[in-house]
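Residue numbers (the numbering used here), protein chains in the order written: chain A, 89 to 273; chain B, 821 to 1033.
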Amino acid sequence: MAANEAELRALMSAGLAGDATAYRALLGRLSANLRAYYKGRLARIGRSATEAEDLTQEALMAIHTRRHTYDPAEALTPWVHAIARYKLIDHLRRTRASLADLPIEDAEEIMAQDDLVGTESAYDLTRLLSRLPDKMRRTIQLVKLDGLSVAETANQCGISESDVKVSVHRGLKSLVTSVARKGRL
Amino acid sequence: MKTDDLIDILSMNVEPVDHRQIVRNIGMAVVAGAALAVGIVFFVLGPRAGLTTVAAFIPALLKVVVTLIILVPASIYLIRLTRPGGERRSSVALVASPFIAVMLLAALSLIFASSYHWNGAILGNEWLECLISIPLIAIVPFSVIVWAVRQMAPTDLARTGAFAGLVAGCVSAIGYAVHCADDSVPFFALWYGGTIALCTFAGWKLGPKLLRW
């Protein structure tokens, strides 16, 4: 358990400094923890695995967009747990489940198990992307999905590098917002 | 969408982020809120008569200092609360203790004063103006602070909202002290303390709606 925390914390610190490989590894490990956590919590109240996958993705997006709120001097596990639980409570409130079913828990529980069997969430990436403005959609497609560098994308789209960065940043933000809004329906 | 696809999207071209941003942003919001509150009081209500004289400056300064004793720990807690799980590391008792100290001081000064002076000491000349001004002015710093907190990730929205209200109330009270010419301890305890508590209550109620993410 302690080793797990130390490893994840090192990955997080590297990720915060801009190390994409470490960050990817971190999100991969956390997604397994989150999935196990949500599946366990939701199964108890008779919810589906798809819902658990939706929440896993929401939590990952929250971790990503709010990563500046992690203080490297503090432990990572309670931070992740607080986000995971916040998103769970928010989800249950939205879907009108009883919060009384949710037991008091220990932060360590978030890392207690992992689940690598991912199902598809209800979010359709292609459809979500298609709702974005043209420039945002293209830059996200090229940079984030096709893995081109910012410079290559700038070249291909005929816009400046800072323009690409801003466009990807804004696009991801509205992607996250539209997922959040969809969950609220 | 597969979670692995999402992870791919999120983890490419990860820009470095600065975890000190929270302290900076919330700190700047509090300072900006304070500047706005003082500005509003200065230009709308006007400074109290003879603010440059010792007789008026010292009591005004005292009111500001006592309010700062509440404001500083409240701001530190607000910063903690804006991080996920921060509610585990905040104690309401520590922030409440200066309030209680001022109330006790006010009660003592009333006990030792003759009841003949109570009315003047408690109501002062402008209790109604104080009661209206502090919460009204607090709306401005509260908006700035809420805007800053919304960039963060508080996980206890009611408590975070309450602290945002408390900080905004204190900042507004500091601004109002520039104008206010009532200097008795009971007046300060009741009308400053009361309005700051009111702002805290409003923040507590509004937090879950305004700070959701």
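The C-beta atom is built at its ideal place from N, Cα and C for all residues, glycine as well.
- Assigned with DSSP and collapsed to three states, I889 of chain B falls in helix.
- According to the DSSP assignment, I994 of chain B belongs to the alpha helix (DSSP H) that extends over 977–997.
- Between the alpha carbons of S953 of chain B and A968 of chain B lies a distance of about 24 Å.
- Shortest Cα-Cα distance from A1022 of chain B to any of B:T887, B:G981, B:A857 involves B:G981.
- Taking a Cβ-Cβ cut-off of 8 Å, D1003 of chain B has no neighbours in chain A, whose nearest Cβ is about 42 Å from it.
- The beta-carbon separation of H839 of chain B and H156 of chain A, rounded to 6 Å, stays under the 8 Å limit for a contact.
- Boundaries of the alpha helix (DSSP H) around K1029 of chain B: 1013–1030.
- Against chain B, a Cβ distance below 9 Å from P166 of chain A picks out P904, G905, R908.
- Interface annotation, E141 of chain A: in contact with chain B, CB-CB separation under 8 Å.
- Sixteen is the threshold: since fewer than 16 other Cβ atoms of the shown chains lie within 10 Å of the Cβ of Q201 of chain A, the residue is exposed.
- Sequence-distant Cβ neighbours of R225 of chain A in its own chain, meaning closer than 8 Å and more than five residues away, are L217, S218, G259.
- Closest in C-alpha terms to L888 of chain B, from the list B:I994, B:A869, B:G1014, comes B:I994.
- Residue nearest to L830 of chain B within the set A:A105, A:R112, A:L96 is A:R112 (criterion: CA-CA distance).
- Neighbourhood of S831 of chain B in chain A, by CB distance below 7 Å: A108, Y111, R112, L115, in chain order.
- Following the DSSP letters along the chain, one finds F962 of chain B inside the alpha helix (DSSP H) bounded by residues 947–969.
- The C-alpha of T144 of chain A lies about 8 Å from the C-alpha of T823 of chain B.
- Assigned with DSSP and collapsed to three states, H179 of chain A falls in helix.
- Between L122 of chain A and L148 of chain A, the gap from beta carbon to beta carbon is short of 8 Å.
- Relative to T227 of chain A, the option among A:I171, A:C245, A:E95 whose CA is nearest is A:C245.
- Taking a Cβ-Cβ cut-off of 8 Å, Y125 of chain A has no neighbours in chain B, whose nearest Cβ is about 14 Å from it.
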